[in-house]
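Student: Right, I'll just put the structure down here and ask away after.
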Amino acid sequence: MNLISRRQGRRQRAVASFAIGALALTALGAGALPASAHDGVDHPPGTEEPGTTPPVTTPGDTAAALDWSNYEKVLLTKNVGEPIDLAVMPDSKVLHTARNGDVRLTDPATGVTKVVNTIPVYANSEDGLQTVALDPDFEENNWVYLVYSPIDADGDGAVDTPVGNAPNSLPAGADESYWDQWVGVNRLSRFTWNGSSLDLASEQTILDVEVQRGQCCHVGADIDFDADGNLYLSTGDNTPASTPGANGFAPNNDAPGMNPGFDSRRGAGNTNDLRGKILRIHVEQDGSYTIPEGNLFAPGTELTRPEIFVMGVRNPFRIEVDPETNSLSWGDYGPDATKAVAATAGRGPMGFVEWNVVSLDDPHNAGWPYVHADNFAYNDWDFATATPGAFFDPENLVNESRWNTGLTELPAARAATLYYGDNPGDQPWDELVNFGTGSGQGPMGGPVYHYDESNPSTTKLPQHWDGKAFMGEFSQDYIAAFTVDWDSFDVTAIEDFFPNAAAAANGQTGHDNPMDMEIGPDGSMYVLDYGDGFFRANPDAGLYRIDYVAGNKSPQARYTATPRSSSTAPLTVQFDASGSTDPEGGALTYEWDFDGDGTFDATGVTTSYTYTTIANYTARLRVSDPQGKFSLTSQTISVGNQAPEIQVEFPGNGAFFDWGQAVPFKVTTTDAEDGTATDCTKVAWTYGLGHDEHAHPEVSGTGCTGSFRTDPNSPEHGPGALLYGAVVITYTDKGANGLPPATGEATIRLNPKTQEAEHAIQRQGVVNYADSAASGGNAIRGLGAGDFLKYDPVNFSGIDGAVVRANGGGQVQLRWGAADAAPFATATIPGGSGWQDVSITFDAPEGTGALFVTSADELAVDSIKMVGNGVGDVTPPTVTHTLAPAAPAGVGGVYNVPVRFALQPVDNGALQSVQYSRDNGATWTTLTANQQYAATFSTNGVYDLRYRATDAGGNVSQVGSVSFTIDLDAPNEPTVDSRTLVTLGSPRATYGAPGDVVVAVTGEGGVPTGEVVLSVGTTEVGRGTLDAEGKATITLPQDLPVGTHTLRATYGADEVFKTSAGTGRLIVSQARSTTEVVVAPNPVKPAVAATATISVESSTGIAPSGTATVTVRRNGAVVATVSGTLNAEGDVAVTLPKLSTVGTYQVQAAYDGSTGVAKSTATASLTVQK
1 MNLISRRQGR
11 RQRAVASFAI
21 GALALTALGA
31 GALPASAHDG
41 VDHPPGTEEP
51 GTTPPVTTPG
61 DTAAALDWSN
71 YEKVLLTKNV
81 GEPIDLAVMP
91 DSKVLHTARN
101 GDVRLTDPAT
111 GVTKVVNTIP
121 VYANSEDGLQ
131 TVALDPDFEE
141 NNWVYLVYSP
151 IDADGDGAVD
161 TPVGNAPNSL
171 PAGADESYWD
181 QWVGVNRLSR
191 FTWNGSSLDL
201 ASEQTILDVE
211 VQRGQCCHVG
221 ADIDFDADGN
231 LYLSTGDNTP
241 ASTPGANGFA
251 PNNDAPGMNP
261 GFDSRRGAGN
271 TNDLRGKILR
281 IHVEQDGSYT
291 IPEGNLFAPG
301 TELTRPEIFV
311 MGVRNPFRIE
321 VDPETNSLSW
331 GDYGPDATKA
341 VAATAGRGPM
351 GFVEWNVVSL
361 DDPHNAGWPY
371 VHADNFAYND
381 WDFATATPGA
391 FFDPENLVNE
401 SRWNTGLTEL
411 PAARAATLYY
421 GDNPGDQPWD
431 ELVNFGTGSG
441 QGPMGGPVYH
451 YDESNPSTTK
461 LPQHWDGKAF
471 MGEFSQDYIA
481 AFTVDWDSFD
491 VTAIEDFFPN
501 AAAAANGQTG
511 HDNPMDMEIG
521 PDGSMYVLDY
531 GDGFFRANPD
541 AGLYRIDYVA
551 GNKSPQARYT
561 ATPRSSSTAP
571 LTVQFDASGS
581 TDPEGGALTY
591 EWDFDGDGTF
601 DATGVTTSYT
611 YTTIANYTAR
621 LRVSDPQGKF
631 SLTSQTISVG
641 NQAPEIQVEF
651 PGNGAFFDWG
661 QAVPFKVTTT
671 DAEDGTATDC
681 TKVAWTYGLG
691 HDEHAHPEVS
701 GTGCTGSFRT
711 DPNSPEHGPG
721 ALLYGAVVIT
731 YTDKGANGLP
741 PATGEATIRL
751 NPKTQEAEHA
761 IQRQGVVNYA
771 DSAASGGNAI
781 RGLGAGDFLK
791 YDPVNFSGID
801 GAVVRANGGG
811 QVQLRWGAAD
821 AAPFATATIP
831 GGSGWQDVSI
841 TFDAPEGTGA
851 LFVTSADELA
861 VDSIKMVGNG
871 VGDVTPPTVT
881 HTLAPAAPAG
891 VGGVYNVPVR
901 FALQPVDNGA
911 LQSVQYSRDN
921 GATWTTLTAN
931 QQYAATFSTN
941 GVYDLRYRAT
951 DAGGNVSQVG
961 SVSFTIDLDA
971 PNEPTVDSRT
981 LVTLGSPRAT
991 YGAPGDVVVA
1001 VTGEGGVPTG
1011 EVVLSVGTTE
1021 VGRGTLDAEG
1031 KATITLPQDL
1041 PVGTHTLRAT
1051 YGADEVFKTS
1061 AGTGRLIVSQ
1071 ARSTTEVVVA
1081 PNPVKPAVAA
1091 TATISVESST
1101 GIAPSGTATV
1111 TVRRNGAVVA
1121 TVSGTLNAEG
1131 DVAVTLPKLS
1141 TVGTYQVQAA
1151 YDGSTGVAKS
1161 TATASLTVQK
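Take the sequence shown: its letters are residues 1 to 1170, numbered as in my numbering.
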C-alpha cells in the first residue's frame, strides 16, 4: 500500500511527519536485531548528508533514472521471521508481519527491530498472520489493520478446527456434515497503535471470511484504501493446486464424497461467497462496515454478497489501490499445466499467471475458475468420470457446482491486463519471462509511484517512474515497472527495475523472492524479500529500502560475533567487522555499541567485549565511509540461554520418495541449558509442497517422531512441474536464567524419485528444449565434455540403482561431490532414435551431497529415476489390544461391567487410522488418538472384534482379534477361597447300602452357601444344599458298584466364596444272597409240567439281578436244566420239563450272582406219581 498517495490533501502532512520522525533519534532498547540506516531527510530540506550527491539531471532525465549505479538497496533488517507483509509508517519506521503471528517494528534510524506483538494464529498450510496496513487517517486515529486466522474465532475457549489436514474424501459412514468441523475464518480486524506496539485489547473485528481449513492453499489477504476511505480486501479461492484430477487445470472437483475444498467454484465462482474475491467496504467508527455504491452486486440482490467488487480471482496475494489514477491492480496466480500438456490434454490453457489493473469504477468478474489469462476457457471436466464436457463460455458463465450457494448465471468474464507463462513466446510480453533468473511464476502486485518534487527526501525515486505501476516477481527475482495508459488501463511499456545483474555489478544486493513492496513517505521503495526457502526465517530474507542516490553509496555493515551465546556469565565475545564493505572502496571507520544503550563503546575493525551479567544484549555496529555515509547492523548476544540444536536422525536431507508415501522422521535435540531431554511437544514441523521457487505449506504438526505425509495428488500441478518436499523443523527451549526461550531450526528437502534433467539446480553447457516425448515435456541436450547437471541436496538412503533416460549413443556418468570426481555408476546409452531407458545398479555414496551427471558424448538427457524404496514408509504398523477390566468378573467368565477396548499401535512414522470391526471386517469403525484409540462397550452381548492400524503411507497391519461376552446382570465371580471336606460314615460299605456322605464347605470370614455335587469320576452320584453350618448330607445311590471309589465333592461357589472340591475313599463289597425255590404242582402226574418259582433276596435289601439256574436230578443224575432271568423283585418262574418216570426228583435252584450280590442255592423235591 502506498501510504502517501492515499489522498492528495494528506501528502504534505505525511512528509512533514516523516521529516520530524527521521530527525528524532529514539533510545535503543534490548531486543534490537540487524538493521541499517540511511540519510533520507535526516537533514534540513535543501541540504544533503555529507558525501551525498543528488543526480545532476533534470527531474525527468531517463538516462539518469536508468543508470543503476544511481541506486542502492539498503538492508534495514534481517530480523523478519517468515516475512509476509509490510507497512511503512509516517515516520519511516516499518511494521512487518510473519506468518507465525509476530508483528515486528523496524526503526531504520536506530537499527533496532523488535517483535512488538504476537497474534495467536491457526497455522496450517498458508494460514496464519497475513497483511498489515495503516488507516488512511492513521496520524489521527492510530488504527492498524491485520488479517489473520484466529484459533478461537467464536471466543468459546475451544480450538475451532482440528489439527492436521482434512482427508481428500469422506470417511466410511460419514455424511457431508463431516466437513463442518474444518470450517474456520480468516479475520480482518483493526487495533490501535500506542506508539510502540498494538493494543491487542482494542481489537475491532470487522469481517470474517469463512474458509475450509485443513488443506492448502490461497489465502490472498491484502488490504488497501481508496480516496474515500473505502477498504479493499483480497481473498484467495481456498483451493489447492493439487486437487485430485485437476492435473494442472481448473480445480472444479465436486465429485461425490470429495472434500468441498477441491472445488474452486464454491468460492471464486460463487456470487454468495467471499472467497476468491476483492472486496470493497467502508469501515465505520465502531468497526462495523457499510457497502459503498458501485460494487458488483447491489445490497439486497438475491444470492449475492454486496461486499464483492471483483469476483473470479484465484490468489490476489498483493493488491494496490491508487486514488490518483483511480485504479485497482493486483497479481494473480494460475494453475500449473505446461504448454506441452495443455496442447494435448484438451482441458484448457497452460498455466498462466496474471497482472491486472482496472478502474475503481469497474466491478467485474475476472473469470476464475472458468477462464484465465486472455479469457482462455477451461473444459467443464467431469471429475467423477474423468471425461470432458463443453468449454466454458466467458460471456455466459454458469456455476453448476453442487456446492454453489449463489447465482447460477454469472457475470461475463473480463480478460487479464497482462499474463505470462513459462517461456518466451508463451505471452504477448516476453519481458515477463526474460527479466528474471528463477523458474516458475509468482506475480506480486505493487505500488504505483507518484513523483513529488516538493518532497525534501534526497533518496526518492526519480520522475522517470512517475505514474508507473510496479510488480514484484517472487519466483523469478525481479521487479517490473509498467507504463499504463490510465485512460484505457492498457500497459504500453515494461521495464526491468534495478535488475539483479546490475545490482550485483554495482556491489548491491539483488531481489530475492520479493514478497511485498511499498513506497515510503521518503519516496524510496521498501521491499520485503522472502528469500530462498519456505515457511521459515530464511537466512537471505530481509527488509530493504531501494534509494535513488548518485555517486557515493552507503557502506555495508557486516560482522561476526564469536561466540554469540553462553549459558553463564561472564562471556567474552570477539567481534570482527572485516566483512563490511564500501562500494567505492573507501577506508571505513567502525563504532561498536556492545550493550544497545545508544552509546558507542569501542572502535576498530576487530574488538572484544566481556558481558558480566545474565541478559540478552543488542550489539550494534556502525560503519562510516570517508564522506560520512554510514550503515548500521546489529545482532543479539544471549548471555544465559543458548538456542537448542536439532538433529534430524532420518530422513537424510535430499532423500528420495514416491508421491503419496509417508516419510518417517525422527528428531533429537541438544540444549546447553536443558540437556538432551527433548520436550517433544515443542518440536514443531511443517511439510510443504515445493514448487519451483516457492512452496505451499501442506501439513504441520508436533513431535519427535512421525511422518511427513506427501500428497499423491501433488503431481496434479501438471506434468513437468518442478516439485519436491520441503520440511522445516523448529524446537523452542525452556528459557534459562530468566531469559526467554530460544528457538533452533533445521530444514530438509525431499526429492521425488524421478529427477528431470531440466530441473537440475545447475546446468552447465546444455540447452533446455521442449519435447513432447520427454517425461516432463522438456529435456536437455548437448551434454558433452566439461558439461554437467548438478542436483543438490541428494541422499541415496534406500536407493540402489537408477534408470537413465537419454538418447544419442554414449555414456552417462554419475559422480559424487564434483563434476570431475570418479564416477560411481555409468549408464551406456545405445544409439538410435528415441529415448532409451537404461537401468543401472550401484553402491550409492553415503550421506548428503551433490550429484553430478556428466557425459562426453553430446547426449540428450530426459530424466534419472531412482530405484529402491528410498525413505518412503513401506513398513506396516503393528497393533495389540488391551481390555479393561483385564479379566471378566462375572460368573461364567463374562463381563458384568462395561468393557473398555483399547488398541496400542506402533509405527515407524505416523498413523493414519486405527480401526475395529464387529462384523468380521465388513465395516470398520475408526478410533481417535485423543481418546487413546479406545471404545467402551456397555450393552449385553457377545463381542467378536477384529482390529487393524494403517499408517500415513497406507501400510496396513495384520488384523488382530479378541472375543468377550458382556452380561451386566451376571453376579460377580467369588473372591474368597473355600475348602471342601468329605466325611464318610465308614470307609467300607456293602452293595445296596453304601451309606451317607457328609460334605462340609468352609471359608474365611463366613459360611459358604449353595450346592455341592458328589461325583465318581465324571458321573454325578448325588448333590446337596449346604445348611447354615455349610454342611450337606448326601445319600449314596444303592447301586453304587462294588469296588474302590474316589468320591469327589465339588462346591459350585457363591457370590463370596470360590469353588473348591474335596474327596473321600469308599470300598463297596458284595452283598450276601438267599435263594428260595417252590415247585408246584407237587406231586405231579407223569408227562405233566411243574413250575419252579425262585425268589432271591440280598442281605441289603436291594433286589438282585441276573439269572437263576434250575437243575433236576433223579438218583443223582441230572435229568434236566433250565434257567430264567430274575425280575425287578428278584423272582423268576421256570417251567420244568415233563417227567414221565414216576419217582422223586431233586430240584436245585442256583442264583448265579451279580457284580454286587453273591451266589446262593436252594433245593426242593418233586414227586411224579400216577
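For glycine and all other residues, C-beta sits at the position ideal for the given N, C-alpha and C.
Could you pull out every unbroken beta strand (DSSP E) segment of at least 3 residues lying fully inside the region 598–652, listed in chain order?
Tutor: Counting only runs of 3 or more, we get 606–611, 615–624, 630–639 and 645–650.
Student: Which residues does DSSP pair with V894 in a beta bridge?
Tutor: Numbered from its first residue, the sequence shown carries residue 894 at position 894. In DSSP, V894 forms a bridge with G890.
Student: Give the list of continuous beta strand (DSSP E) stretches no shorter than 3 residues that lie fully inside the region 462–497.
Tutor: Here the runs fully enclosed are 469–473, 478–485 and 490–497.
Student: According to DSSP, T730 sits in a beta bridge with which residue or residues?
Tutor: As a first step, residue 730 is located in the sequence shown; it is residue number 730 there, counting from the start. A684 and E745.
Student: Within 10 angstroms of the Cβ of G1116, are there 16 or more other Cβ atoms? Answer buried if so, exposed if not.
Tutor: Translated into the one-based positions of the sequence shown, residue 1116 becomes position 1116. G1116 comes out exposed.
Student: Looking only at its chain, what residues have a beta carbon closer than 8 angstroms to the beta carbon of A1061, apart from the 5 residues adjacent to it on each side?
Tutor: On the sequence shown, position 1061 is the one that residue 1061 refers to. Here the set comprises T980, R1048, A1049, T1050 and Y1051.
Student: Distance check for S1095 and A1133, CA to CA, integer angstroms please.
Tutor: Within the sequence shown, residue 1133 is the residue found at index 1133, counting from 1. Within the sequence shown, residue 1095 is the residue found at index 1095, counting from 1. Each residue's alpha carbon lies about 9 angstroms from the other.
Student: Distance check for P1037 and P987, CA to CA, integer angstroms please.
Tutor: Residue 987 sits at position 987 when you count from the first residue of the sequence shown. Residue 1037 sits at position 1037 when you count from the first residue of the sequence shown. If you take the alpha carbons of P987 and P1037, they lie about 16 angstroms apart.
Student: If you count every other CB in all the chains shown that lies within 10 Å of the CB of I761, and 16 or more means buried, which is it?
Tutor: Here residue 761 is taken as the residue at index 761 of the sequence shown, counted from 1. It counts as exposed.
Student: Apply the 10 Å Cβ neighbour rule to Y1176 and answer buried if 16 or more other Cβ atoms are within range, or exposed otherwise.
Tutor: What is shown of the chain runs 1 to 1170, which leaves residue 1176 out entirely.
Student: With 16 as the cutoff for other CB atoms within 10 Å, does P1008 come out buried or exposed?
Tutor: As a working mapping, residue 1008 is identified with position 1008 in the sequence shown. When all chains shown are included, P1008 counts as buried.
Student: Tell me, please, which residues DSSP counts as bridged to N365.
Tutor: On the sequence shown, position 365 is the one that residue 365 refers to. In DSSP, N365 forms a bridge with M311 and A413.
Student: For the pair the region 284–299 and the region 331–339, tell me if three or more CB-CB distances fall below 8 angstroms.
Tutor: Because the criterion of three Cβ pairs below 8 angstroms is not met, the region 284–299 and the region 331–339 do not touch.
Student: Roughly how many angstroms separate the alpha carbons of T110 and L632, rounded to a whole number?
Tutor: Translated into the one-based positions of the sequence shown, residue 110 becomes position 110. Translated into the one-based positions of the sequence shown, residue 632 becomes position 632. Straight-line Cα distance between these residues: approximately 8 angstroms.
Student: Quick one: residues in its chain with C-beta nearer than 6 angstroms to the C-beta of S913, no 5 flanking neighbours on either side, listed in chain order?
Tutor: Sequence index remark: in the sequence shown, residue 913 carries index 913 (1-based). Taken in chain order, the residues that qualify are T926 and T950.
Student: Ignore the nearest five residues each way along the sequence and tell me which others in A30's own chain have a CB closer than 8 angstroms to its CB.
Tutor: Locating residue 30 in the sequence shown gives position 30, counting from the first residue. Per-residue confidence for A30 stands at a pLDDT of 31, beneath the threshold of 50, marking its modelled position as unreliable; the derived number appears in the next sentence. Closer than 8 angstroms at the Cβ level, and outside the excluded window around A30, lie G596, A615, N616, Y617 and T618.
Student: Please classify K753 as buried or exposed, where buried requires at least 16 other C-beta atoms within 10 Å of its C-beta.
Tutor: Against the sequence shown, residue 753 aligns to sequence position 753. Under this definition K753 is a buried residue.
Student: Note the first and the last residue of the continuous alpha helix (DSSP H) segment covering E140.
Tutor: Taking the first residue of the sequence shown as position 1, residue 140 is located at position 140. Segment F138 to N141, the alpha helix (DSSP H) holding E140.
Student: How long is the line joining the alpha carbons of S1218 and D91, rounded to whole angstroms?
Tutor: Look at the range of the chain in this structure, 1 to 1170, and you will see that residue 1218 is not part of it.
Student: So I206 and G155 are in contact, right, with Cβ under 8 angstroms, and what is the actual spacing, rounded?
Tutor: Indexing the sequence shown from 1 puts residue 206 at position 206. Indexing the sequence shown from 1 puts residue 155 at position 155. In fact, because the Cβ distance is near 16 angstroms, the residues do not count as touching under 8 angstroms.
Student: If distances are taken between C-alpha atoms only, which option among P299, D263 and A416 comes closest to W403?
Tutor: Here residue 403 refers to the residue found at position 403 of the sequence shown. When each option's Cα is compared against that of W403, the closest is D263.
Student: In three-state terms, what does DSSP make of Y122?
Tutor: Numbered from its first residue, the sequence shown carries residue 122 at position 122. Note: Y122 maps to coil in three-state DSSP.
Student: Report yes if the C-beta distance between S327 and V448 is below 8 angstroms; otherwise report no.
Tutor: Locating residue 327 in the sequence shown gives position 327, counting from the first residue. Locating residue 448 in the sequence shown gives position 448, counting from the first residue. Taking 8 angstroms as the Cβ cut-off, S327 and V448 qualify as a contacting pair.
Student: What's the call for I1102, buried or exposed, on a 16-neighbour Cβ count within 10 Å?
Tutor: Mapped onto the sequence shown, residue 1102 falls at position 1102. Burial call: buried.
Student: Output needed for A844: all residues of its chain with C-beta closer than 6 angstroms, excluding positions within five of it in sequence on either side, in chain order.
Tutor: Taking the first residue of the sequence shown as position 1, residue 844 is located at position 844. Hits under 6 angstroms: F796 and I799.
Student: Leaving aside the five residues before and after G257 along the sequence, list all residues of the same chain whose C-beta is less than 8 angstroms from its C-beta, in chain order.
Tutor: Looking up residue 257 in the sequence shown gives position 257. Contacts found: S169 and L170.
Student: Please classify R622: is it buried, with 16 or more other beta-carbons within 10 angstroms of its beta-carbon, or exposed?
Tutor: Your numbering for residue 622 matches position 622 in the sequence shown. So R622 counts as buried.
Student: Pairs of beta-carbons, one from the region 938–952 and one from the region 901–918, closer than 8 angstroms: are there three or more?
Tutor: The answer is yes - the region 901–918 touches the region 938–952, with three or more Cβ pairs under 8 angstroms.
Student: G445 and E284 - do their beta-carbons sit closer together than 8 angstroms?
Tutor: Within the sequence shown, residue 284 is the residue found at index 284, counting from 1. Within the sequence shown, residue 445 is the residue found at index 445, counting from 1. No, the Cβ-Cβ distance between E284 and G445 is not below 8 angstroms.
Student: What are the boundary residues of the beta strand (DSSP E) that includes L418?
Tutor: The residue you call residue 418 lines up with position 418 of the sequence shown. L418 to Y420 is the span of the beta strand (DSSP E), which, as asked, contains L418.
Student: Rounded to a whole number of angstroms, what is the C-alpha to C-alpha distance between I494 and F482?
Tutor: On the sequence shown, position 494 is the one that residue 494 refers to. On the sequence shown, position 482 is the one that residue 482 refers to. Going from the Cα of I494 to the Cα of F482 covers about 5 angstroms.
Student: Quick one: using the 10 Å Cβ neighbour count with 16 as the cut-off for buried, is D199 buried or exposed?
Tutor: For this step, residue 199 is matched to residue 199 along the sequence shown. D199 is exposed by the Cβ-count criterion.
Student: Taking only the alpha-carbon atoms, compute the straight-line gap between V433 and G442 and give it to the nearest angstrom.
Tutor: Counting from one through the sequence shown, the residue named residue 433 turns up at place 433. Counting from one through the sequence shown, the residue named residue 442 turns up at place 442. Taking the straight line from one Cα to the other gives about 11 angstroms.
Student: Alpha carbon to alpha carbon, what distance is there between N751 and A664?
Tutor: In the sequence shown, the residue the question calls residue 664 occupies position 664. In the sequence shown, the residue the question calls residue 751 occupies position 751. Looking at the sequence itself, residue 664 is Pro, so the reference to Ala does not match. So the two alpha carbons sit approximately 14 angstroms from each other.
Student: I think V1119 touches R1113, with their Cβ atoms under 8 angstroms apart; what is that distance to the nearest whole Å?
Tutor: Reading the sequence shown from its first residue, position 1119 is the one you call residue 1119. Reading the sequence shown from its first residue, position 1113 is the one you call residue 1113. Sure, about 6 angstroms apart at Cβ, within 8 angstroms.
Student: Measure the C-alpha to C-alpha separation of T606 and S634 and round it to an integer number of angstroms.
Tutor: As a position in the sequence shown, residue 606 is number 606, starting the count at 1. As a position in the sequence shown, residue 634 is number 634, starting the count at 1. If you take the alpha carbons of T606 and S634, they lie about 15 angstroms apart.
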